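Below is one structure, written out as structure tokens; comments come after it.
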Amino acid sequence: GQNIDQPTEMTATEGAIVQINCTYQTSGFNGLFWYQQHAGEAPTFLSYNVLDGLEEKGRFSSFLSRSKGYSYLLLKELQMKDSASYLCAVIENDYKLSFGAGTTVTVRA
Amino acid sequence: TAGITQAPTSQILAAGRSMTLRCTQDMRHNAMYWYRQDLGLGLRLIHYSNTAGTTGKGEVPDGYSVSRANTDDFPLTLASAVPSQTSVYFCASSASGGGMETQYFGPGTRLLVL
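Residue numbers (this note's numbering), protein chains in the order written: chain A, 927 to 1035; chain B, 499 to 612.
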């Protein structure tokens, strides 16, 4: 079974930094994805972590600690277009993705 | 490049009726997936196919069937729709079914079962 937890909503100001946490208790672990989903649109790939540590990609960074069952997505220099849902997804032993419910981030001017 | 297309974009369906949601990808990906997305529950896997000619059950397969006659197409059929199948349905694909590869999602089909 799986249990993937992330906050439901977060609000931040344009230009600020927001950190979205994801904790998981799953049947095995083979990697973790973060996806971005704008309202009414399809999810799109942001990052993939399989080893512990920080992966940086422009304004977005993702961190993984396998021993703690914990990841976070860091969004820097927030822009209005970053208002979206952010989905944490874990690859379990059967090599299928299990998704958290998503975190809706609202960026205010 | 089209990527993944889904049809219809949205549909209102009477309970008890059948319907097929279509999904086509032009990336020659081996693996394809069907998810449903419901408020507060996130994306849940319905069925998947690791390669043409094979299919498997996901987390919530009841009431749904799939086929994979070729690499490009992966239709999802609701044999007798019920209101609890009201949802947004996303098709996705990845180069292989190994799990560690990025999945690419279609634009979704919004289904309302009355």
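Every residue gets a Cβ at the ideal spot worked out from N, C-alpha and C, and that includes glycine.
Model, not experiment: these values are computed from the prediction.
Contact with chain B by residue i, beta-carbon distance below 8 Å
i       : result
A:G984  : no
A:I943  : no
A:Y950  : no
A:G995  : no
A:N956  : yes
A:L990  : no
A:P969  : yes
A:K1002 : no
A:L1013 : yes
A:G1028 : yes
8 Å Cβ cutoff, residue i in contact with chain A
i      : result
B:F603 : yes
B:Y587 : no
B:L576 : no
B:Y562 : no
B:L543 : yes
B:M598 : yes
B:G595 : yes
B:G606 : yes
B:G556 : yes
B:L519 : no
Residue i CB to nearest heavy atom of the ligand ADP below 7 Å
i      : result
B:Q504 : Looking for the ligand ADP in the displayed structure turns up nothing, as the structure carries no ligands at all.
Run of the beta strand (DSSP E) containing residue i, from where it starts to where it stops
i       : result
A:K983  : G979 to K983
B:T607  : T607 to V611
B:G540  : G540 to S547
A:R1034 : T1029 to R1034
A:N1019 : Where A:N1019 is concerned, there is no enclosing beta strand (DSSP E), given that its DSSP letter is neither H nor E.
B:M517  : M517 to Q523
A:S997  : Y996 to L1001
Environment of residue i [buried if 16+ CB atoms lie within 10 Å]
i       : result
B:T575  : exposed
A:D1008 : buried
B:L609  : buried
B:A567  : exposed
A:L1013 : buried
Pick from the options that is closest to residue i, judged by C-alpha positions
i       : options                            : result
A:Y974  : A:E967, A:E982, A:F959 and A:K983  : A:F959
B:P581  : B:A512, B:I502 and B:G604          : B:A512
A:K1022 : B:T522, B:S516 and B:R542          : B:R542
B:Y587  : B:N548, B:V558, B:G595 and B:A593  : B:V558
B:L519  : B:R526, B:G538 and B:S563          : B:S563
B:G501  : B:S508, B:S547, B:S592 and B:G540  : B:S592
A:R985  : A:V976, A:R992, A:G966 and A:Q1005 : A:Q1005
B:A577  : B:R526, B:R515, B:G538 and B:N568  : B:R515
B:M598  : A:S987, A:L980, A:A1010 and A:F971 : A:F971
B:L537  : A:R1034, A:A1035 and A:F1025       : A:F1025
B:N657  : B:Q523, B:Y533, B:G561 and B:G596  : In the structure displayed, chain B extends from 499 to 612; residue 657 of chain B sits before or after that span and is not available.
A:R1034 : A:N956, A:Q932 and A:E940          : A:E940
B:A579  : B:Q504, B:A505 and B:M517          : B:M517
B:T569  : B:M525, B:Q504, B:T507 and B:A505  : B:M525
A:A1027 : B:R534, B:S594 and B:G604          : B:R534
So does the segment 944-963 of chain A actually touch the segment 996-1006 of chain A, counting three or more Cβ pairs closer than 8 Å? Output reads yes: the segment 996-1006 of chain A touches the segment 944-963 of chain A.
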